[in-house]
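What follows is a short report on a single structure.
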Amino acid sequence: MVEIIMKAVAPPEVNKALGIFIPLIVVNCIILGRAEAFASRHGPLSSLADALGIGLGYLGALLSIAVIREVLGAGTLWGYRLTPITVAGRTILPE
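Read left to right, the sequence shown gives residues 1 to 95 (the UniProt record's numbering).
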């Protein structure tokens with residue numbers, strides 16, 4: 001939704017410069033808003049434990065997506081070839 005509004009309102013140069021950063025900013029705001037809502041109702045230690053759990057969960061999600069993208073896109077993982085043939089996704093995800 002934010003991306004659609006940006007395309008309608010902002011100049012094309014701004015929209016092109018922000019590119020992928022718009023969804024990242026939105027996700028960041030969602031995570032911080034959730035952490036703030038939890039912290040306002042709980043004590044410091046439980047808020048810290050919640051923040052660590054949320055951060056590790058987000059890290060796990062990002063790593064999972066990155067590994068899938070790397071394997072499908074290039075057939076490698078940390079520089080080691082995993083697939084002997086080119087996967088169809090390689091044409092979608094350039095190196």
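Ideal placement from N, C-alpha and C gives every residue a C-beta, glycine not left out. Given the structure is predicted, the values throughout are model-derived calculations rather than measurements.
query: Backbone CA spacing between Leu48 and Ala39 [nearest angstrom]; result: 8 Å
query: Cβ-based neighbour list, Ile54, same chain, cut-off 8 Å, excluding 5 preceding and 5 following; result: Ile31, Arg34, Ala35
query: Proximity to Lys16 [Cα-Cα], best of Ile4, Ala66, Arg81; result: Ile4
query: 8 Å Cβ cutoff, Gly73 in contact with chain D; result: Checking the listed chains, one finds no chain D in this structure; it contains a single protein chain.
query: Beta-carbon gap between Arg69 and Gly75 smaller than 8 Å; result: no
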